[in-house]
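Before any comments, here is the structure.
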Amino acid sequence: MKISLFNISNFRVDGGAMFGVIPKALWSRQVQADELNTIDLSLTSMVIETAGRVILVDAGWGGKQDAKFFRHAYLHGGSGLTGGLAECGYRPEDVTDVIVTHLHADHCGGCFVNAPGEGTAPLFTNAFYHISRAQWEWANESNLREEDAYLPENIRPFGESGRLNLIEEPGELYPGVALRICYGHTPGLIVPVISFRGKTLVYTGDLIPTMAHIPLLWNMAYDLLPLVTIAEKQEILEDALKGDHLLVFQHDPQYECCTVTETPKGIRAGIKGRLSDFI
Ligand SMILES: [Zn+2]
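Now the structure itself:
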């Protein structure tokens, strides 16, 4: 097995929205906000090569929308989707599987590109898409709260691809690649758990988007069910403590991953750094 991480792009989001009920007086000690109160986030995707499969986890925003759509994302830096894959040694056609953690625009948009003329075309011409059934059905109904995150041009092509695998329940997708399913951020968020050389890596996605989100109450205002997020985080953090797991962050521009440790205040980050420091 080989595991790679690459940052598709940084973007900026309102700092208050990223930390929900936590006062800025507290979160601003951890993360620097600019004059518009936005903070920097990364879009780190993971590639797992195992047993003849090349599995990509999440594909970023993509580029199907116009400049007006991306005006408030402040995209900057990163390697791009195909650029980042190339740095890891893969072409888009090498990707056999995409695990789409959920269908919010910054996670799934890159799987399809605008086709010449009209419609869309797959970027990964040989890939199957793994999405939880709970998220698929939820996103296709859409709702006022997540309307801006569920874009029909992002979601429809999965259904039309003939290559959609709906994940019914948690479990192993391929040897060493297990999927947990969470419901607090949005119903059916997939949290991939990878077993690699005796280590366990947990790609925490939008459940624990950055290292600053490890404390149980430090959650995004975007979460639909905050109490469920808290319970799900607690379980993942306790498992991580017991099993010495490595948490891999999708949105942390500074730290790719960390271990966890017990403190009088609860479970907190232990050793932090880049994935290559640990494996
Ligand atoms: Zn999300």
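Quick note: the sequence shown uses the numbering used here, first residue 390, plus one each step. Think of the CB as a built atom: it goes at the ideal place given N, C-alpha and C, for glycine as much as any other residue. For clarity, every value in this text was computed on a predicted model and none was experimentally measured.
C-beta contact flag for residue i and residue j at 8 Å
{"i": "ASN543", "j": "SER468", "result": "no"}
{"i": "LEU474", "j": "PRO481", "result": "yes"}
{"i": "GLY662", "j": "THR650", "result": "no"}
{"i": "LYS453", "j": "ASN503", "result": "yes"}
{"i": "ILE488", "j": "VAL446", "result": "yes"}
{"i": "TYR611", "j": "ALA462", "result": "no"}
{"i": "GLN639", "j": "PRO581", "result": "no"}
{"i": "LEU540", "j": "PHE547", "result": "no"}
{"i": "TYR572", "j": "LEU614", "result": "yes"}
{"i": "ILE619", "j": "ARG657", "result": "no"}
Where residue i falls: helix, strand or coil (DSSP)
{"i": "THR575", "result": "coil"}
{"i": "LEU635", "result": "strand"}
{"i": "ASN529", "result": "helix"}
{"i": "ILE625", "result": "helix"}
{"i": "ILE685", "result": "A question about residue 685 goes unanswered here, because the residues of the chain that appear run from 390 up to 668."}
Residues that residue i bridges to, as DSSP identifies them
{"i": "HIS640", "result": "DSSP, once it has assigned bridges, lists no residue as partnering HIS640."}
{"i": "GLU651", "result": "ILE656"}
{"i": "VAL446", "result": "MET435 and ILE488"}
{"i": "LEU394", "result": "MET435"}
{"i": "ASN399", "result": "HIS465"}
Residue i CB to nearest heavy atom of ligand 3 below 7 Å
{"i": "TRP525", "result": "With respect to ligand 3, the structure offers nothing, as its ligand set consists of ligand 1."}
Which ranges does the beta strand (DSSP E) cover as unbroken runs of at least 3 residues, wholly within the segment 401–444, from first to last along the chain? Runs of the beta strand (DSSP E) spanning 3 or more residues and lying entirely within the segment 401–444 occur at 427–430 and 433–439, in chain order.
Mind pulling the alpha helix (DSSP H) runs of 4 or more residues that sit fully within the segment 452–490? For the segment 452–490, the full-length alpha helix (DSSP H) segments reaching 4 residues or more read 456–459 and 470–476 along the chain.
Enumerate, from N- to C-terminal direction, the unbroken beta strand (DSSP E) stretches of 3 or more residues contained entirely within the segment 537–596. Entirely contained in the segment 537–596, the beta strand (DSSP E) runs reaching 3 residues are, in chain order, 553–556, 560–563, 566–571, 578–585 and 588–592.
Which full runs of the beta strand (DSSP E) of 3+ residues lie inside the segment 487–516, going along the chain? Whole beta strand (DSSP E) segments, 3+ residues: 501–503 and 509–511.
Check each residue's C-beta against every heavy atom of ligand 1 and list, in chain order, those closer than 5 Å. Taken from the N-terminal end onward, the list reads HIS493 and ASP595.
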